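There are 2 protein chains.
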Amino acid sequence: MRILKELPLVPAERALKVLGGRWKVYVLYFLFDGPMRLSELRRQIPDVSQKVLVQQLREMEEHGIVHREVFAEVPPRVVYTATKLGLSLRPIVSALCAWGRRHAAELDVLDDGSPAASPRARKRA
Amino acid sequence: MRILKELPLVPAERALKVLGGRWKVYVLYFLFDGPMRLSELRRQIPDVSQKVLVQQLREMEEHGIVHREVFAEVPPRVVYTATKLGLSLRPIVSALCAWGRRHAAELDVLDDGSPAASPRARKRA
DNA sequence: GCGCATGGTTACCAACTGGTTACTACATCA
DNA sequence: TGATGTAGTAACCAGTTGGTAACCATGCGC
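Printed below as a string of structure tokens:
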């Protein structure tokens, strides 16, 4: 569990590191509703490549928010579950989602149409 | 305001993008308590280089969570303030912080000492 | 005129992240 | 016999991020 040692010490930073993979909120979103197999996750999140999905799941597992269980069956079956710690992220993901929506709404208002919205025209504008 | 258009569509992802710079939570943390000059921020966050700090502040400004005000004085004075939208991140940063602390506590318990904590010894261990 | 402080910018780099493609191994299905 | 589905791994690549160091322009005090 080397990776854990490398997590930032400052709490908020650490949380952001844990959440901050390209596909992790998607994975969490689905795992909040129950366990899922790799192939199911792939179907639900078609844009992620298998390599990266596995990579993200490994990290989430090492960060203790996802549990991986292998069933030694005929076609190997691997089930991913959100741990208690993982489930405890649910309100945070919700809050982020709500804030993101608000952010989108407020900025689209400013952004839409009127170029007067720009408070401090930098030359790059 | 090109950058706004490129923000991810999924709200939580968008929020993470806005929060997800190496120093942004630090900046927010200090701006939550009131306006600050660049030099003050540099003093409070000694590990960040000026270039990167300015870079992060620019992004935060474009994302609408920070306001930049220039006073055309003898030594130029520039003051950064958290906008209303920026201040609305406060509870989220708090939540992330609390979760990060919990995460650190729970994992340190598992991690500390006993190598038996590892649920599924991967060869890399 | 020299160095300092302010608030930057520029050029250049190294590391990390995510992505593509191809490959493994096993067993069933047609 | 060969394609399909399962769950991966390995090699390689490109874009983004953060970081260093040097530089600019201004005005002050000495």
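The listed protein sequences derive, respectively, from chains A and B.
Start counting the first sequence at 24; every next residue gets the next number (this note's numbering).
Start counting the second sequence at 24; every next residue gets the next number (this note's numbering).
Here a beta-carbon is modelled for each residue, glycine too, at the ideal position from N, C-alpha and C.
Just so we're clear, the structure is a prediction, and the values are computed from it rather than from any experiment.
List the residues of chain B whose Cβ lies closer than 9 angstroms to the Cβ of A/G109, in chain order.
In the first sequence, the residue the question calls residue 109 of chain A occupies position 86. None at all; the shortest Cβ gap to chain B is about 10 angstroms.
Flag A/A35 as yes if its beta-carbon sits less than 8 angstroms from any beta-carbon of chain B, otherwise no.
Residue numbering aside, residue 35 of chain A sits at position 12 when the first sequence is read from its first letter. Taking 8 angstroms as the CB threshold, A/A35 lines the interface with chain B.
With which residues is A/V101 paired in a DSSP beta bridge?
Mapped onto the first sequence, residue 101 of chain A falls at position 78. By DSSP's assignment, A/V101 forms a beta bridge with A/V93.
Distance, A/I88 Cα to B/A140 Cα:
Start at 1 with the first residue of the second sequence, and residue 140 of chain B comes out as number 117. Start at 1 with the first residue of the first sequence, and residue 88 of chain A comes out as number 65. With a pLDDT of 37 at B/A140, under the threshold of 50, the modelled position of that residue is not reliable, and the figure given next carries that caveat. If you take the alpha carbons of B/A140 and A/I88, they lie about 15 angstroms apart.
Should B/R66 be flagged as near chain A, meaning a C-beta pair shorter than 8 angstroms?
Counted from its first residue, the second sequence places residue 66 of chain B at position 43. The C-beta of B/R66 comes no closer than 8 angstroms to any C-beta of chain A.
For the region 105-125 of chain B against the region 72-90 of chain A, do three or more pairs of beta-carbon atoms, one drawn from each stretch, fall closer than 8 angstroms, so that the two count as touching?
Touching, no, given that fewer than three Cβ pairs across the two stretches are closer than 8 angstroms.
What does B/V41 reach in chain A if we use C-beta pairs closer than 9 angstroms?
Position 18 of the second sequence holds residue 41 of chain B. Correct list: W122, G123, H126.
Inter-residue spacing [alpha-carbon to alpha-carbon] between B/L42 and B/V48
Residue mapping note: residue 42 of chain B aligns to position 19 of the second sequence, counting from 1. Residue mapping note: residue 48 of chain B aligns to position 25 of the second sequence, counting from 1. So the alpha carbons of these two residues sit roughly 7 angstroms apart.
Establish whether the CB of B/A118 and some CB of chain A are separated by less than 8 angstroms.
Mapped onto the second sequence, residue 118 of chain B falls at position 95. Chain A has a Cβ within less than 8 angstroms of the Cβ of B/A118.
Chain B partners of A/L112, CB-CB under 8 angstroms?
Along the first sequence, read from residue 1 onward, the residue named residue 112 of chain A stands at position 89. Think of a sphere of 8 angstroms around the beta carbon of A/L112: the chain B residues whose beta carbon falls inside it are W122, in chain order.
Determine the burial state of B/R100: buried for a count of at least 16 other Cβ atoms within 10 Å of its Cβ, exposed for fewer.
Taking the second sequence and counting its residues from 1, the one referred to as residue 100 of chain B is at position 77. Here B/R100 is exposed. Its C-beta has fewer than 16 other C-beta atoms within 10 Å.
Shortest alpha-carbon distance to B/F94 belongs to which of B/R60, B/R45, B/E36?
For this step, residue 94 of chain B is matched to residue 71 along the second sequence. Of B/R60, B/R45, B/E36, the residue nearest in Cα terms is B/R60.
Quick check on A/V75 - is its C-beta less than 8 angstroms from some C-beta in chain B?
Within the first sequence, residue 75 of chain A is the residue found at index 52, counting from 1. Cβ-Cβ to chain B under 8 angstroms: no for A/V75.
Rounded distance between the beta-carbons of B/H86 and B/T104, thought under 8 angstroms
The residue you call residue 104 of chain B lines up with position 81 of the second sequence. The residue you call residue 86 of chain B lines up with position 63 of the second sequence. 14 angstroms between Cβ atoms; not a contact.
What do you reckon, are the CB atoms on A/A35 and B/V116 nearer than 8 angstroms?
For the purposes of this step, residue 35 of chain A is identified with residue 12 of the first sequence, where counting begins at 1. For the purposes of this step, residue 116 of chain B is identified with residue 93 of the second sequence, where counting begins at 1. Contact flag set, yes.
At the level of alpha carbons, what is the spacing between A/K40 and A/L30?
Stepping through the first sequence from its first residue, residue 40 of chain A is reached at position 17. Stepping through the first sequence from its first residue, residue 30 of chain A is reached at position 7. When rounded, the distance between both Cα atoms is 7 angstroms.
Can you grab the Cα-Cα spacing for the pair A/S72 / B/S62, in whole Å?
Here residue 72 of chain A refers to the residue found at position 49 of the first sequence. Here residue 62 of chain B refers to the residue found at position 39 of the second sequence. Taken atom to atom, the span from the alpha-carbon of A/S72 to that of B/S62 is near 44 angstroms.
Are the C-beta of B/V89 and some C-beta of chain A separated by less than 8 angstroms?
Taking the first residue of the second sequence as 1, we reach residue 89 of chain B at position 66. No Cβ of chain A is located within less than 8 angstroms of the beta carbon of B/V89.
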